[in-house]
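Trainee: Dropping a structure here in structure tokens format, bear with me for questions.
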Amino acid sequence: MAESFMGIDWSSPWLAPLAERGERWRQAALDSYPAYLSILNADARTDPRVTGRGKPLSFIAQDELPAGASYEGHIAETGCVPTRYNLHDFFNGTMWFQYPRIKAALNARQAAEIDVLGIGPTRGAARDALTLFDENAVLFACADPSLAAALRAFDWHTLLVEQRDAWGCRCEARIFGHALLEKLVAPYKACTGHAWIVEVEPAYFFATDAERRATLDNAVSERLKSEAVSSQYFTPLPVLGVPGWWQGNETPSFYDDSQVFRSGRRPRA
Numbered sequence: 000m001a002e003s004f005m006g007i008d009w010s011s012p013w014l015a016p017l018a019e020r021g022e023r024w025r026q027a028a029l030d031s032y033p034a035y036l037s038i039l040n041a042d043a044r045t046d047p048r049v050t051g052r053g054k055p056l057s058f059i060a061q062d063e064l065p066a067g068a069s070y071e072g073h074i075a076e077t078g079c080v081p082t083r084y085n086l087h088d089f090f091n092g093t094m095w096f097q098y099p100r101i102k103a104a105l106n107a108r109q110a111a112e113i114d115v116l117g118i119g120p121t122r123g124a125a126r127d128a129l130t131l132f133d134e135n136a137v138l139f140a141c142a143d144p145s146l147a148a149a150l151r152a153f154d155w156h157t158l159l160v161e162q163r164d165a166w167g168c169r170c171e172a173r174i175f176g177h178a179l180l181e182k183l184v185a186p187y188k189a190c191t192g193h194a195w196i197v198e199v200e201p202a203y204f205f206a207t208d209a210e211r212r213a214t215l216d217n218a219v220s221e222r223l224k225s226e227a228v229s230s231q232y233f234t235p236l237p238v239l240g241v242p243g244w245w246q247g248n249e250t251p252s253f254y255d256d257s258q259v260f261r262s263g264r265r266p267r268a
């Protein structure tokens, strides 16, 4: 299992924000599963976080999850995150430190749904949407409503070609979904995230990386606490199309691939 951690390239734009903590974790994972869990818990002690019901964050081996217990419910009630020895759970762990308020809000909402509906063969629409966020969300920070409108309209030419210079000064993308990060260890053109649009002030783009993350963490977590969540709130975003993220997209013809940069959903009859 340790071999799966060898392919991480921290110079990738979507992974670079995780590099400092992530490389320490990766080295521990290459050593052993116990060493990996140990460094996660060391960080949880020195940089404390809480889960959905205010319990101090910690990490346990997957087989320590009690039989019959729900994953999200256990995290909310105990603070202990069952963690497998793989890239999927590696990136899940990093998000508890990058966006702790969002992770706690998602956990709280999931646990509340489980309290009401229990654990069944299907999660239901609300839990499906929360899981989609957790696994595949891209936070699209935007200070220009016209760019958000272009994203919603699948207007790739406007968003990614005509307004290319807007990226980094009027909009940006930050990957939150840990399953999406796992896929992007070996990126491919069709790799698509679910964009969650976050309106920000123009001053956001003059802030430091840590300040931007904190702004998004606060804004999104408050929405998750107070609003219903639906899969309809997301807009697909092929992540290798983000300007500056992939060398191939410097050529406008990159976006002519209609199997990746689709024209949008057809209206129902």
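Following numbering that gives the first Met the number 0 from start to finish, the sequence shown increments by one per residue and tops out at 268.
Don't be surprised by glycine CBs; every beta carbon is placed ideally from N, CA and C.
In terms of alpha-carbon separation, which member of N91, K102, I7 and G6 lies closest to T50?
Mentor: Here the closest residue by C-alpha is K102.
Trainee: Count the other CB atoms within 10 Å of the CB of R261; is the residue buried (16 or more) or exposed (fewer)?
Mentor: The residue is exposed, with fewer than 16 neighbouring Cβ atoms inside 10 Å.
Trainee: Count the C-beta pairs between the segment 110-118 and the segment 79-96 that are closer than 8 Å, then say yes if the count reaches three, no if not.
Mentor: No: the two stretches stay apart, fewer than three of their Cβ pairs being nearer than 8 Å.
Trainee: Would you mind stating whether D46 and F96 have Cβ atoms separated by less than 8 Å?
Mentor: Contact flag set, yes.
Trainee: Enumerate in chain order the residues of its own chain whose CB-to-CB distance from L29 is below 8 Å, with the five nearest sequence positions on each side excluded.
Mentor: Hits under 8 Å: A1, F4 and M5.
Trainee: How big is the Cα-Cα spacing for Y32 and E221?
Mentor: One C-alpha to the other measures close to 35 Å.
Trainee: Between which two residues does the alpha helix (DSSP H) harbouring L138 extend?
Mentor: From DSSP, L138 is part of no alpha helix (DSSP H) but of the beta strand (DSSP E) over A136 to C141.
Trainee: Taking C-beta to C-beta, are V241 and A147 nearer than 8 Å?
Mentor: The answer is no: Cβ separation not under 8 Å.
Trainee: Between the alpha carbons of L180 and I174, how many angstroms are there, rounded?
Mentor: Roughly 7 Å separates the two Cα atoms.
Trainee: Which residues in the same chain as A149 place their Cβ atom closer than 6 Å to its Cβ, once the five residues preceding and following it in sequence are excluded?
Mentor: Cβ within range, chain order: T157 and L158.
Trainee: D256: which of H73, W155 and H87 sits nearest, CA to CA?
Mentor: Comparing Cα-Cα distances from D256 to each of H73, W155 and H87, the minimum goes to W155.
Trainee: So, under 8 Å CB-CB, T234 and R122 are touching, yes? Tell me the CB distance rounded to an integer number of Å.
Mentor: With 8 Å as the limit, T234 and R122 do not qualify as a contact, their Cβ atoms being about 22 Å apart.
Trainee: Determine the DSSP secondary structure at V241, reduced to helix, strand or coil.
Mentor: Three-state result, V241: coil.
Trainee: Just curious, the alpha helix (DSSP H) that I74 is in, first and last residue?
Mentor: Residues Y70 to T77.
Trainee: What separation, rounded to the nearest whole angstrom, lies between the Cα atoms of C168 and A142?
Mentor: Rounded to whole angstroms, C168 to A142 spans 9 Å at the Cα level.
Trainee: Can you list, in chain order, the residues of its chain whose CB lies under 7 Å from that of S230, leaving out five sequence neighbours each side?
Mentor: Only D127, A128 and L131 meet the Cβ criterion.
Trainee: Name the residue from I196, E198, E249 and R108 whose alpha carbon lies nearest to the alpha carbon of R163.
Mentor: Here the closest residue by C-alpha is E249.
Trainee: Of all the alpha helix (DSSP H) runs that stay within the bounds of the segment 52-117, which reach a length of 4 or more residues?
Mentor: Listed in chain order, they are 70-77, 86-97 and 99-116.
Trainee: Could you say which of K54, G243, W244 and F139 lies nearest to L215 if we only look at CA atoms?
Mentor: Comparing Cα-Cα distances from L215 to each of K54, G243, W244 and F139, the minimum goes to F139.
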